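Below is one structure, written out as structure tokens; the observations come after it.
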Amino acid sequence: MRHVLGNKKVAAAFLGPALLVYIGVMVVPVIWSFVLTVMNGSPVLGFDWVGWDNFARFFRDPTARHALWFTIKYALVMSLGQVVLGYLMAILYVFVLKKLSTFVRTMVFFPVVLPSVAISLLFSRLFAVAPQLGPVNSLLQAIGIEPVDWFATGSAAFVVIVIMDLWRTVGFYAVLLFAGLVEIPDEVIDSARVDGAGGLRLIRHIVLPMSLPVLLSTIIFSLNNCLKVFDSILALNNGGPGTATTPLNLYMFQTSFLYSNYGYGSVLALVITVLCLTVTLLIFRSSRRDLTES
Amino acid sequence: MTPPADVKRPLGPRAARITRSTVVKILVVLILVIEIYPLFWIFTNSFKSQYEFLNTPLMSLPSQLHFENYVQAWTTGNLGRNALNSIIVTVPSLAVIILLGAAAGFALEVMIWKGRNSVLLFIIGGIMVPIQIILLPLFTIYFKTGLSGSYWPLIITYIGHSLPLSVFLFATYFRAVPRELFEAVAIDGGGPMRSFFSVALPVVRNGVFTVALLMFFSIWNDLLIALTFNIRNDMSTIQVGLLHFNDEYGSTNYGPLFAAISTTVFATLAVYLSINQQVMRGMTAGSVKG
Amino acid sequence: MANQVRSGLSRGAVLALSATLALTLAGCSGDSNDNPSGDPGNRATEFSVLITAENSAGADMLQRLAEGPCAEANAALPYTLDQTPSAQMQQKILLLAGQDALPVMFAAGQQFIYKDGQLAAAGQVLDVKDALTDLGVFDLITPAAQSVVDQLYDGEFPTLPLQFNTEGIFYNKTLFAQHGLAVPETVDDLLEAARTLKAAGITPFVASGKTGWSISRWVGEFIFRDLGADAMMRVRDGQAKLTDPEYVRAAQRLQDMGLEGLFINGITNVDMDTALNQLFTGQAAMMYNLTNTLQRINDPSVNTQDLGFFPFPAITGGKGSIDDLPANVGSPNVLSAKLYGPNVGVWLRCMAENYGSISMEAQGVYSGFKINTPVPNIAPLTAEIQERIDAATSTVLWFEALFNQKATTDASNNAAPLLTGAMSAEEYMSVLQADLEEG
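Chains as they are written, first to last, in my numbering: chain D, 163 to 456; chain Y, 106 to 395; chain G, 784 to 1222.
And the structure:
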């Protein structure tokens, strides 16, 4: 019996193709990319050795520094929004809406599956100030607030980006956290209620502690995704005005593929990787804690 | 497969429930308006003329229905071609991801050999790698091998980048399958092939569906990879096509653009609603209940 | 480039890795791109053209030529078209060049075809002047277009000037008359007129923040009028920096206008259509633009106003002149030196003879080629500007003409922030100067 499932040739045949593609598409390029950080050139003309120049350039490039800062700011604000709103929605689903929740969950989840470019084009119109006031500015005007030129300053554009990406993603995090809440055994909640706990107290003392592991890994998962933001901003305002809302990822893309600066682009890619790696290490640590607890 | 337990006991005493139910109703209506209004808005706008876009309030309804916007989106806007391209790159990628991912998951989790844990870790490590870092080298590879300008760069990259997560998920699904099932096949004299195709795959079919779904939406909605490797206009996917909906000097035909967005959105909605039950089950049931 | 020592290791590594991957991918490889040998004079088997996806006007023109006057050339060498979004065009050109698979005519970036550019150095670029002279049709290129190409490429002639645009300010004649305004000769007059209009509740200037060049060109015009027609060449040659005070002054002038509220509100997210619509409905009085907008200006279903055109005014005491005609020849149309032969020559001659007339007749816009067959019913404004072009003694380039890709993109992306004051004039110019130095 053992020998049937222990047949090494068969195992190799099953694993081989996936392993080969994985090494070719992921492992080799990652190593290669490290090498590119000390090079300059293009795929056509070949690459020249430039040592640490590209790294030095990163430290004196104000656009890159700003992009790094913007990326971190975006990730922190977005993660906070995604997790808090998602958690509130999940509580709404589980404790308030109950059976009704399927329909609401479906609707709130829907934007998750929409093409991000379509959503960005939609939001750039929703927040328009010209040629005609968009719905948001019309609404502001109706309640007596001056229409805002949302895309003229980095801070206003940032608000639009956050609102848009929250609209797009909260449904996903709500369902993720919903799954965690559903897992809390009914007996625990019942016995707490017998002890006189209700409403907010129940949530604070029973629900929150019980769903802490899920909450923690959701936070880190969300951070990790937000650090890679790209499509929505590219399509919304191309990181503008100027480069005020350009995340690292978009700057890396422009540097490499628009300005053909492959070496420096690799340094930027490396910075993104280091950022994600730091966060992802946290994911694994927290998920390990999940496993030992359950 | 146990459906998620939707029903929990109410939190508060009965007396407070009447006012609370009003609050809840308002809240739900508000949430639904926030979700649905933008879609309604984009749909109505897709029937406006260029003149209306520029000279009437954006919130107003179209004065007459310009269906030709949809015709233009399909003809000059290449929406049909782009949709076909999206299908051409998505379907084979999905098929290969499922097949290779499941096979590798099977080899790593069900079959027994030395070092399988290290190999599993080696592959799972790939989940951490952000796509940006592999773009440049891949670009060079596709260029040197003459694959640039075909659909292959997209398909190969999608497969490679999706494999770590797929293998990981399949390994978890297989872990939950009772080993007796495989041993029974072995007693009957069946080989690993039979174990895989007639026992393992059918048992985790919900898992297969979940992986397919996750990967479908991530590939279908991908922009970064498509934008990087696709250098031919007639090979643009829907996402890339929408991004380039204006002419050389930056002018836009709003009607057809909105018609294109609207078509994309509502086609996705149709797909989503038809499989929504499974989406929710896949998302909430967790990985191990396959 | 800082270090030109080629690393044998990196190339070797690249090849070794590619070889490994090629094995993995064996069987998936696409079709090969080898050229059919045979008649060495006619290496091209089709008149293959690669232009940007956004250039629908160019595609339309070539189609008209292939079906009309160039039918004969088309029979010998059938026309085929490939289009790529402009953002990916240069990447694609490099790929094709690397595979020796460039088409007959392609929109290569200026940096590649300028003297030391990668394609020029590799002998891929045909000298259009020589070819047209051999065909006896070089004099069909207008003197103005010749002058633009000459300045752009420092005497070389690597591009076919299919498009030709002069630039200047389109204005609403009715609004000017209502407020008793004359056509401004100096920038001071221009600002005076703008203030009068603003006081009357009319938006003086409109531009598009999303199409940033419609703003950044102002900076260029201020520089040319203030510092002379060769001001940007001095920057290219390193004799001056954009961060020098006299250059920063130009950006500052524009910002002052923006802060004074002379431009349309919400300019950052205004796109080209919105901007033009403001002009076409009389809500805004003036717009700096290219003459390719004439097609729309002359379309009564789009434009309801009586519009006129005046050249960018002079700066009192400046070295430039109001007679320096700002002009461009659109994106480059490069002919492959390797695929050039008699059959391509037939196409070339046909384009030279017909492009100007057909462009005017079908699209109402100018070309760098003369109008060889008279075109009836030219719109008055179009005819008026044509006279200016014919009378021009000298042309000046546009602001971004000699910039690299990054500087061009930044000039455009940062234009709206400069105008709204979100970015200072010094910052704007120093970003561009850094781009020019770092690439």
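Just so it is clear, CB atoms sit at the ideal spot from N, CA and C, and this is done for glycine as well. Please read all numbers here as calculations on a predicted model, not as lab measurements.
Could you round the C-beta distance between residue i and residue j to whole angstroms and report it? I think they count as a contact, below 8 Å.
{"i": "D:L370", "j": "Y:A209", "result": "About 38 Å separates the two Cβ atoms, so there is no contact after all."}
{"i": "G:L909", "j": "G:F1152", "result": "Contact doesn't hold; Cβ gap of about 17 Å is too wide."}
{"i": "G:A1199", "j": "G:T994", "result": "Not a contact, Cβ separation roughly 10 Å."}
{"i": "Y:A331", "j": "Y:L184", "result": "Not quite, the Cβ-Cβ distance comes to about 15 Å (not below 8 Å), so this is no contact."}
{"i": "G:A890", "j": "G:I952", "result": "Actually they do not touch by this definition, with Cβ atoms about 28 Å apart."}
{"i": "Y:Y359", "j": "Y:F172", "result": "Actually they do not touch by this definition, with Cβ atoms about 15 Å apart."}
{"i": "D:V332", "j": "D:R267", "result": "Actually they are not in contact, since the Cβ atoms of D:V332 and D:R267 sit about 11 Å apart, beyond 8 Å."}
{"i": "G:W1130", "j": "G:L860", "result": "6 Å"}
Given this structure, state the Cα-to-Cα distance separating residue i from residue j, to the nearest angstrom.
{"i": "G:V1117", "j": "Y:I238", "result": "34 Å"}
{"i": "Y:L286", "j": "Y:V304", "result": "7 Å"}
{"i": "Y:M320", "j": "D:W312", "result": "34 Å"}
{"i": "G:T803", "j": "D:V192", "result": "Note that G:T803 scores a pLDDT of 39, beneath 50, so its modelled location is shaky; the value from the coordinates is reported in the next line. Their backbone Cα atoms lie some 15 Å apart in a straight line."}
{"i": "G:F1095", "j": "G:I1105", "result": "7 Å"}
{"i": "Y:L170", "j": "D:N423", "result": "48 Å"}
{"i": "G:M1212", "j": "G:F1005", "result": "14 Å"}
{"i": "G:G810", "j": "Y:A317", "result": "Bear in mind that the predicted position of G:G810 carries a pLDDT of just 32, short of 50, making it too unreliable to give a figure here."}
{"i": "Y:P115", "j": "D:V245", "result": "Note that Y:P115 has pLDDT 49, beneath the 50 cutoff, so the model's placement of it is unreliable and the number below is only indicative. C-alpha separation (whole angstroms): 23 Å."}
{"i": "Y:L163", "j": "G:G1100", "result": "47 Å"}
{"i": "G:D917", "j": "G:S930", "result": "20 Å"}
{"i": "G:K875", "j": "G:S869", "result": "10 Å"}
{"i": "Y:P307", "j": "Y:A291", "result": "17 Å"}
{"i": "D:I368", "j": "Y:V133", "result": "25 Å"}
{"i": "D:V350", "j": "D:I381", "result": "25 Å"}
{"i": "G:L864", "j": "G:P941", "result": "21 Å"}
{"i": "G:S839", "j": "D:F392", "result": "28 Å"}
{"i": "G:A1205", "j": "D:G316", "result": "9 Å"}
{"i": "G:V989", "j": "G:I1047", "result": "5 Å"}
{"i": "D:V190", "j": "D:G213", "result": "21 Å"}
What residue from the options has the CA that sits closest to residue i's CA?
{"i": "G:L1045", "options": "G:M1070, G:E1029, G:N1060, G:T1057", "result": "G:M1070"}
{"i": "Y:E140", "options": "D:N202, D:P273, D:L254", "result": "D:P273"}
{"i": "G:Q1088", "options": "G:P1125, G:T1099, G:L1062", "result": "G:L1062"}
{"i": "D:F176", "options": "Y:V215, Y:S151, Y:H349, Y:T369", "result": "Y:V215"}
{"i": "D:V270", "options": "D:A318, D:S195, D:A280, D:M251", "result": "D:M251"}
{"i": "G:L1090", "options": "G:N1072, G:G906, G:A1184, G:A928", "result": "G:N1072"}
{"i": "Y:S191", "options": "Y:A375, Y:L378, Y:N381, Y:N335", "result": "Y:N335"}
{"i": "D:K390", "options": "Y:V128, Y:Y156, Y:L332, Y:V234", "result": "Y:V234"}
{"i": "D:R262", "options": "Y:I380, Y:A281, Y:G220, Y:L137", "result": "According to the sequence displayed, residue 262 of chain D carries Leu and not Arg. The shortest C-alpha separation from D:L262 is found at Y:L137."}
{"i": "D:S372", "options": "D:N387, D:K235, D:F392, D:I346", "result": "It is worth fixing the name first, because residue 372 of chain D is Met in this sequence and not Ser. Checking every option, the nearest Cα to that of D:M372 belongs to D:I346."}
{"i": "Y:L268", "options": "Y:I246, Y:L226, Y:F248, Y:V282", "result": "Y:L226"}
If you measure between the beta carbons of residue i and residue j, is that distance less than 8 Å?
{"i": "Y:V194", "j": "Y:Y256", "result": "yes"}
{"i": "G:A1175", "j": "G:D1218", "result": "no"}
{"i": "G:T1076", "j": "G:L1059", "result": "yes"}
{"i": "D:F285", "j": "D:M326", "result": "yes"}
{"i": "D:A292", "j": "G:T1057", "result": "yes"}
{"i": "Y:I236", "j": "Y:V272", "result": "no"}
{"i": "Y:T369", "j": "D:P277", "result": "yes"}
{"i": "D:T233", "j": "D:N216", "result": "no"}
{"i": "G:Q882", "j": "Y:G295", "result": "no"}
{"i": "D:V275", "j": "Y:Q344", "result": "no"}
{"i": "G:A1135", "j": "G:L845", "result": "no"}
{"i": "G:K1121", "j": "G:Q907", "result": "yes"}
{"i": "D:L411", "j": "D:A319", "result": "The sequence shown places Asn at residue 411 of chain D, not Leu. No, the Cβ-Cβ distance between D:N411 and D:A319 is not below 8 Å."}
{"i": "D:R355", "j": "D:L343", "result": "no"}
{"i": "G:L1037", "j": "G:W996", "result": "no"}
{"i": "G:G1124", "j": "G:N825", "result": "yes"}
{"i": "Y:N187", "j": "Y:G346", "result": "yes"}
{"i": "G:R1017", "j": "G:L1108", "result": "no"}
Does at least one heavy atom of the ligand GTP sit under 7 Å from the Cβ of residue i?
{"i": "G:G1021", "result": "With respect to small molecules bound, the structure shown includes none, and the ligand GTP cannot be examined in it."}
**Study point:** Residue ranges of each alpha helix (DSSP H) within the region 1015-1092 of chain G, 4 or longer
**Key:** 1028-1042, 1055-1063, 1077-1080
Check your understanding: Going along the chain, which unbroken runs of the alpha helix (DSSP H) with 4 or more residues stay wholly within the region 812-880 of chain G?
Key -> 839-850, 854-859
Practice item. Just list the alpha helix (DSSP H) runs in the region 228-291 of chain Y, keeping only unbroken ones of 4 residues or longer that don't cross its boundaries, in chain order. Key: 237-249, 257-280
**Study point:** Whole runs of the alpha helix (DSSP H) within the region 912-963 of chain G, excluding any shorter than 4 residues
**Key:** 926-936, 956-961
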